[in-house]
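Residue numbers (this note's numbering): 95 to 524.
Where a beta carbon is used, it is the ideal one built from N, C-alpha and C, also for glycine.
Put into structure tokens, the structure is as follows:
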């Protein structure tokens, strides 16, 4: 249970972060990345189990204490008189959340819908498109399984065609990915679905270039931003600044991953001129045809989580997106440099900042990743994720453990993890 000192820090967190921000104004992000005093203060913002080292922040991340407390306070307040306090007072504040999300990523608020997770956001995009039998969707074999399953259901039900392309692991040249998508385009291609960061490996894909390719061919672009939003710095394209930013038609993300917002929050970006002609996943009246809020029509839901997003946005903003990205890359580089020296180790992603960010997957020849992950948890109290890649034509199936630290992860924890892997791998090698 959190103690009084931790709660006091939580109440002052934004003021402390603002002071840190001012103190480091003008200092390059790469320099701040290794400033342990700065990140020690960030670490204090989180309630942690001191017995565990959590290196699975890519799945779902804990919220800073101030986010958690704001959510709990709102739930308690709602519970006193839900019909009035939740619906009448707290629910309208979703508009403030929408505006803040839009502002931080240079988007029009009328293009941002608040959802429950990336899967819901992306399925709104996937199911809302009018497609005919024989229409083709191009994606990769390394996209998220739930999203592939969604297209496969449309295949079975409506007769569309899903084309999945394979790409090498690791990717050496981002241009190869663009060329791969371009070769897959046919006269029947209607949709290109692309992950901004591949969930299996941490590979950053050139989504801006892929979306530009789609636009040149009159093809709808859907970006899976689940592992990129509030992780890899970017902004959406705008009419005020054409040619700059990510010019996609749809973008779905979870906010409970790298933004550390309340669990069960997500967002959907829909290009403004696509809102009217896109069907909502749950029914909305004709009066809402041109309203981004039609994608939020899910019935009763807890306003407390939506409003807790604002605290997470403030925390992210004061920390600084570039500093955050630099720190997480610094931690990734630290463990990667050491563990790639282990016999039979292969990092499944490049270390260039254009190729990977906070997390990566590492493979050890002759070692079952599931057994390694279990050993790390049971013997060393370290949490990682075992990964098994798709079967690809002419290529061996890759495996490994996915390692995703966060801003609250210390260098000492990274070193403890490395020591544990160095001890465990020789005992597990077949």
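**Study point:** Selected residue, minimal CA-CA separation from residue 257, among 279, 267, 269 and 251
**Key:** Looking at the Cα atoms, 279 is the closest of the given residues.
Review point. Looking only at its own chain, which residues have a Cβ that is under 6 angstroms from the Cβ of residue 400, when we skip the five neighbours before and after it?
Key: Contacts found: 188, 191 and 208.
Point to revise | Any 3 or more C-beta pairs closer than 8 angstroms across the segment 272-290 and the segment 319-327 | key: Put simply, the segment 272-290 touches the segment 319-327. At least three CB pairs are less than 8 angstroms apart.
Review point. Is residue 481 buried or exposed, if buried means 16 or more other CB atoms sit within 10 Å of its CB?
Key: It counts as buried.
Point to revise | Beta-carbon proximity of residue 110 to residue 130, cut-off 8 angstroms | key: For residue 110 and residue 130, no; Cβs fall outside 8 angstroms.
Point to revise | the segment 402-411 / the segment 151-164 touching (three or more Cβ pairs under 8 angstroms) | key: The way I'd put it, the segment 402-411 does touch the segment 151-164; three or more beta-carbon pairs between them come closer than 8 angstroms.
Practice item. Measure the CB-CB distance between residue 457 and residue 440 and report whether it falls below 8 angstroms. Key: Against a cut-off of 8 angstroms, the Cβ pair of residue 440 and residue 457 comes out as a contact.
Practice item. Give the DSSP bridge partners of residue 287, in chain order. Key: Answer by DSSP bridge pairing, in chain order: 316.
Check your understanding: Would you call residue 451 buried or exposed, if buried means 16 or more other Cβ atoms sit within 10 Å of its Cβ?
Key -> So residue 451 ends up on the buried side.
Check your understanding: Going by C-alpha distance, which of 354, 348 and 369 is nearest residue 215?
Key -> Among 354, 348 and 369, the Cα nearest to that of residue 215 is on 348.
Review point. Is there contact here, the segment 501-517 with the segment 146-156, by at least three beta-carbon pairs under 8 angstroms?
Key: Enough Cβ pairs lie closer than 8 angstroms, so yes.
Point to revise | C-alpha distance - residue 514 paired with residue 478, whole-angstrom precision | key: Roughly 12 angstroms separates the two Cα atoms.
Exercise for review: Report the option in 355, 313, 466 and 391 whose CA atom is closest to the CA atom of residue 166.
Suggested key: When each option's Cα is compared against that of residue 166, the closest is 355.
Point to revise | Buried or exposed by the 16-neighbour rule on C-beta atoms within 10 Å, applied to residue 126 | key: By the 10 Å Cβ count, residue 126 comes out buried.
**Study point:** Three-state secondary structure assigned by DSSP to residue 230
**Key:** Residue state, collapsed to three classes: strand.
Point to revise | Nearest-angstrom beta carbon gap, residue 398 and residue 168 [assumed within contact, 8 angstroms] | key: That pair is a contact at about 4 angstroms.
**Study point:** Three-state secondary structure (DSSP) of residue 510
**Key:** Correct three-state label for residue 510: helix.
**Study point:** Proximity to residue 283 [Cα-Cα], best of 295, 315 and 260
**Key:** That would be 315, whose Cα lies nearest to the Cα of residue 283.
Practice item. Could you tell me which residues DSSP puts in a beta bridge with residue 345? Key: Paired residues: 317 and 363.
Exercise for review: Let me know if residue 418 comes out buried or exposed under the rule of 16 or more other beta-carbons within 10 Å of its beta-carbon.
Suggested key: The residue in question, residue 418, is buried, as its Cβ has 16 or more Cβ neighbours within 10 Å.
Review point. Span of the beta strand (DSSP E) holding residue 482?
Key: Start and end: 479-482.
Practice item. Write down the C-beta distance between residue 206 and residue 361 rounded to the nearest angstrom, noting that I regard them as a contact closer than 8 angstroms. Key: Right, the Cβ-Cβ distance comes to about 6 angstroms (below 8 angstroms), so this counts as a contact.
Review point. Thinking C-alpha only, which one of 521, 446 and 141 is nearest residue 264?
Key: Cα-wise, what sits closest to residue 264 is 446.
Check your understanding: If you follow the alpha helix (DSSP H) that residue 368 is part of, which residue opens it and which one closes it?
Key -> That residue, residue 368, is in no alpha helix (DSSP H); it is neither H nor E in DSSP.
Point to revise | Whole-angstrom distance between residue 115 and residue 414, CA atom to CA atom | key: Their Cα atoms are separated by approximately 8 angstroms.
**Study point:** Straight-line gap, residue 301 to residue 175 (C-alpha atoms, nearest Å)
**Key:** Straight across, the Cα-Cα distance linking residue 301 with residue 175 is about 45 angstroms.
Point to revise | Burial state of residue 459, where buried means 16 or more other Cβ atoms lie within 10 Å | key: Of the residues assessed, residue 459 falls on the exposed side of the cut-off, its CB having fewer than 16 other CB atoms within 10 angstroms.
Review point. Taking Cβ positions, are residue 250 and residue 225 nearer each other than 8 angstroms?
Key: No, the pair does not count as a contact, with Cβ atoms beyond the cut-off.
Check your understanding: Cβ atoms of residue 424 and residue 213: under 8 angstroms apart, would you say?
Key -> It is not a contact, given that the beta carbons lie outside the stated cut-off.
Exercise for review: Ignoring anything shorter than 4 residues or poking outside the segment 451-479, list the alpha helix (DSSP H) runs there in chain order.
Suggested key: Within the segment 451-479, the complete alpha helix (DSSP H) runs of at least 4 residues are 463-474.
Check your understanding: What span of residues does the alpha helix (DSSP H) with residue 198 cover, start to end?
Key -> Segment 188-198, the alpha helix (DSSP H) holding residue 198.
Review point. So the alpha helix (DSSP H) residue 244 belongs to, where does it begin and stop?
Key: Going by DSSP, residue 244 is part of the alpha helix (DSSP H) stretching over 239-252.
Check your understanding: Going along the chain, which residues of its own chain have a beta-carbon closer than 7 angstroms to the beta-carbon of residue 179, five neighbours each way excluded?
Key -> Here the set comprises 171 and 172.
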